[in-house]
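Asks: All residue numbers for the sequence shown refer to this note's numbering, where the first residue is 223 and numbers rise by one.
For glycine and all other residues, C-beta sits at the position ideal for the given N, C-alpha and C.
Fair warning: this is a prediction, and the values are worked out from it, not measured in the lab.
The structure is given below, and queries will be raised subsequently.
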Amino acid sequence: MVEIRQARTDADYEAWREVRIATLPYERCPSVAELRAMETPERLLLLAEVDGKIVGHGLADRSSESGRAVLAPRVRPEARRQGVGSAVLRELVDHAVAHGYKFGGCSVDDEGSFAFARRFGFAETGRQVEQLRAIGTEPRPPAPTAYRIVSVAERPELWAQAYHQVALPTFPDMDLAWPMQVTAEEWAGEWIGDPAAMFLALDGDEVIGLAGLISDPDQPQRAEVGYTAVRRDWRGRGVASTLKRMSVAWAAENGLTEIYTWTQEGNANMRKLNEHLGFRYGLTSITVRGPLPLQLAE
Ligand SMILES: CC(C)(COP(=O)(O)OP(=O)(O)OC[C@H]1O[C@@H](n2cnc3c(N)ncnc32)[C@H](O)[C@@H]1OP(=O)(O)O)[C@@H](O)C(=O)NCCC(=O)NCCS
Numbered sequence: 223m224v225e226i227r228q229a230r231t232d233a234d235y236e237a238w239r240e241v242r243i244a245t246l247p248y249e250r251c252p253s254v255a256e257l258r259a260m261e262t263p264e265r266l267l268l269l270a271e272v273d274g275k276i277v278g279h280g281l282a283d284r285s286s287e288s289g290r291a292v293l294a295p296r297v298r299p300e301a302r303r304q305g306v307g308s309a310v311l312r313e314l315v316d317h318a319v320a321h322g323y324k325f326g327g328c329s330v331d332d333e334g335s336f337a338f339a340r341r342f343g344f345a346e347t348g349r350q351v352e353q354l355r356a357i358g359t360e361p362r363p364p365a366p367t368a369y370r371i372v373s374v375a376e377r378p379e380l381w382a383q384a385y386h387q388v389a390l391p392t393f394p395d396m397d398l399a400w401p402m403q404v405t406a407e408e409w410a411g412e413w414i415g416d417p418a419a420m421f422l423a424l425d426g427d428e429v430i431g432l433a434g435l436i437s438d439p440d441q442p443q444r445a446e447v448g449y450t451a452v453r454r455d456w457r458g459r460g461v462a463s464t465l466k467r468m469s470v471a472w473a474a475e476n477g478l479t480e481i482y483t484w485t486q487e488g489n490a491n492m493r494k495l496n497e498h499l500g501f502r503y504g505l506t507s508i509t510v511r512g513p514l515p516l517q518l519a520e
């Protein structure tokens, strides 16, 4: 019998993280402190136990994809096909419906998980491709003359400015079926790691572009590429590649061996830029979405 309970203590949060790392070993998992900082009444973290062993977990939250909840059941590979994922999904759906959501969804990275999602009425809305770059000897790019590059560690006050001047105007340019919704608080807390690894391009005091890395304390040799964007009127002038080359150089200077990013399959510009900078392709992740409440099979 599977028992499902809410994660509440720090030990529960560590157990939740263990399932996340076991099921998505290639993706940075937030620390307990970061998970605590994300807590809201809408957000629910579940643990699934069988015979006293934690075999799965769940996450329900507001999604950055507007109008839907994130509903993510995850089960350790050795405990799959025993109904654990379905039991977790039921609880997540109840929670999301109680918070007024009419749609739910998540990302699936393998055929079995996609089959599970389809069985519960989710349908594909888009794909993301993983791009990875090995880090070797990486010189810093020459300093540009038409604009300046600073790190957020040097100019911390500019991170909030970057949200308004670059992030909000460029979110609609991503190849997404639904618009992105990211609050200023989420931007301040979840979209940046070490401010020394996040770079901004400045025209005077205006932020015109940004790119950087979010390091992973669980795998210190790896980092995820953060949001990369350049204001529309500055595109085609090498701003993004210079910012990314700064990130790659920072990775080398700090002993990293690999960086990775997820890009929408249809975002040809970003994919090409990454290819140009030496990224290779990895996994493909499918975004799924379905109406709530789901038609859950008993
Ligand atoms: C998706 C996931 C949570 C399913 O967990 P699970 O405990 O194995 O799922 P269940 O046993 O409840 O499966 C319910 C039904 O989904 C379908 N299903 C689940 N896994 C499947 C697979 N590998 N292949 C085909 N169908 C599958 C089946 O219809 C299954 O019923 P059945 O076993 O009676 O045929 C698990 O594979 C996982 O953790 N994947 C990685 C994380 C992830 O992508 N989560 C998001 C899912 S929206």
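#1: Who does L422 pair with in a DSSP beta bridge?
#2: Which whole-angstrom value is the C-beta distance of S463 and H498, which I expect to be below 8 Å?
#3: What would DSSP say about W381, mapped onto helix, strand or coil?
#4: Give a single yes or no on whether G305 has its beta carbon closer than 6 Å to a heavy atom of ligand 1.
#5: What's the C-alpha gap between E520 and G274?
#6: Report the residue ranges of all beta strand (DSSP E) runs contained in full by the region 226-274; include only those spanning at least 3 residues, in chain order.
#7: Using 8 Å as the threshold, is the region 434-444 in touch with the region 394-409, meaning 3 or more CB pairs across them?
#8: If we call anything under 7 Å between Cβ atoms a contact, is V297 one with V224?
#9: For ligand 1, any of its heavy atoms closer than 6 Å to the Cβ of R302?
#10: Under three-state DSSP, which class holds W472?
#11: Distance check for E249 and R355, CA to CA, integer angstroms please.
#12: Verify the contact flag: G512, CB atom, against every heavy atom of ligand 1, threshold strictly below 6 Å.
#13: What whole-angstrom Cβ distance do G448 and F344 have, given they're in contact under 8 Å?
#14: Give the range of the beta strand (DSSP E) segment to which F325 is assigned.
#15: Applying the 10 Å Cβ sphere with the 16-neighbour rule, what's the burial state of V241?
#16: Just how far apart, CA to CA, sit M492 and G434?
#17: Keeping to the same chain, check which residues put their C-beta closer than 7 Å to that of E428; ignore five residues upstream and five downstream.
#18: Starting from the Cα of R239, find the closest Cα among T262, L281, C328 and G307 and give me that residue.
#19: Can you give me the C-alpha to C-alpha distance between H532 and L293, rounded to a whole angstrom?
#20: If I'm right that L514 touches K324 with Cβ under 8 Å, what's the distance once you round it to whole angstroms?
#21: Output the distance between the C-alpha atoms of L505 and Q350, rounded to the nearest integer angstrom.
#22: What number of angstroms, rounded off, separates the C-alpha of R370 from the C-alpha of F338?
#23: If you follow the alpha helix (DSSP H) that E408 is in, where does it begin and where does it stop?
#24: Between the region 301-321 and the region 257-271, can you find at least three pairs of beta-carbon atoms closer than 8 Å?
#25: Using a Cβ-Cβ cutoff of less than 6 Å, which residues in the same chain neighbour Q517 once the five nearest sequence positions on both sides are dropped?
#26: Express the C-alpha separation of S437 and I357 in angstroms, rounding to a whole number.
#27: From the DSSP secondary-structure annotation, give me the bridge partner or partners of G512.
#28: Expressed to the nearest angstrom, what Euclidean distance is found between the alpha-carbon atoms of D234 and P247?
#29: Contact defined as beta carbons within less than 8 Å: I believe S253 pairs with P439. What is the distance between those atoms, to the nearest angstrom?
#30: What separation, rounded to the nearest whole angstrom, lies between the Cα atoms of A389 and R377?
#31: Quick one: residues in its chain with C-beta nearer than 7 Å to the C-beta of A451, no 5 flanking neighbours on either side, listed in chain order?
#32: Please name the residue, chosen from G327, T485, T509 and F421, that lies closest to F501 on a Cα-to-Cα basis.
Replies: According to the data block:
#1: V372 and L432
#2: 7 Å
#3: helix
#4: yes
#5: Because the pLDDT at E520 is just 48, under 50, the model does not fix this residue reliably, and the point stays unresolved.
#6: 266-272
#7: no
#8: no
#9: yes
#10: helix
#11: 14 Å
#12: no
#13: Actually they do not touch by this definition, with Cβ atoms about 28 Å apart.
#14: F325 to V330
#15: buried
#16: 14 Å
#17: Q387
#18: L281
#19: There is simply no residue 532 to check, as the chain begins at 223 and stops at 520 in what is shown.
#20: 6 Å
#21: 9 Å
#22: 49 Å
#23: A406 to E412
#24: yes
#25: G343
#26: 14 Å
#27: G326
#28: 19 Å
#29: 6 Å
#30: 17 Å
#31: V388, A389, T392, G431 and L432
#32: T485
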